[in-house]
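Peer 1: Under this note's numbering, the first residue of the sequence shown is numbered 81, with each subsequent residue one higher.
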Amino acid sequence: MIIHKASLKFAASTATFSLLAGLNAQLAHADHLDFTLYNESSKPIYYLYVSAARSDTWGQEILGSDVLYSGEYTRITFPTQTSESPCIYDIRVIFADKTTIQDRFNLCESDSVTIR
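#1: When the Cα atoms are used, what is the spatial distance from residue 144 to residue 178?
#2: Counting C-beta neighbours from all protein chains within 10 Å, is the total for residue 157 16 or more, i.e. buried, or is it exposed?
#3: Tell me where the beta strand (DSSP E) around residue 152 begins and ends.
#4: Is it buried or exposed for residue 191, if we count other Cβ within 10 angstroms and need 16 for buried?
#5: Residue 176 lies in the beta strand (DSSP E); which residues open and close that run?
#6: Hey, how far is the Cα of residue 155 from the Cα of residue 127?
#7: Relative to the alpha-carbon of residue 149, which residue among 122, 131, 112 and 114 has its alpha-carbon at the smallest distance?
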């Protein structure tokens, strides 16, 4: 996966996941799994894992040495996806204070995930 980071200002709230509407009907093309992750929480995100729901492991951590601060967002891309790639993925976030949240998402139905 490839990440692209940009800054955006948001009001902070409690840490939960929510899907944002806004995906147009063009999900059939090859980048149907790519999504933007928004950090609307009050805490920096130190670690990010994205794994197919059918997988028993999390795989490689995505952010590396980057930190996703409150009010920032990053684009997550799947360079090897195909039309046969699964739609359901688990996303796990670990904050600077070591608290963790995770949830399951259908990435074919939304192009963004917000952490609150």
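All C-beta atoms, glycine included, are put in the ideal place defined by N, C-alpha and C. None of these values were measured; they are calculated from a predicted model.
Peer 2: Considering the structure as presented:
#1: Cα to Cα, residue 144 sits roughly 16 Å from residue 178.
#2: Exposed.
#3: From DSSP, the beta strand (DSSP E) with residue 152 extends over 152–157.
#4: With 16 or more other Cβ atoms within 10 Å, it is buried.
#5: For residue 176, there is no enclosing beta strand (DSSP E), as DSSP gives it neither H nor E.
#6: Here the alpha carbon of residue 155 sits roughly 15 Å from the alpha carbon of residue 127.
#7: Selection 122, 131, 112 and 114 evaluated against residue 149 yields 122 as nearest (Cα-Cα).
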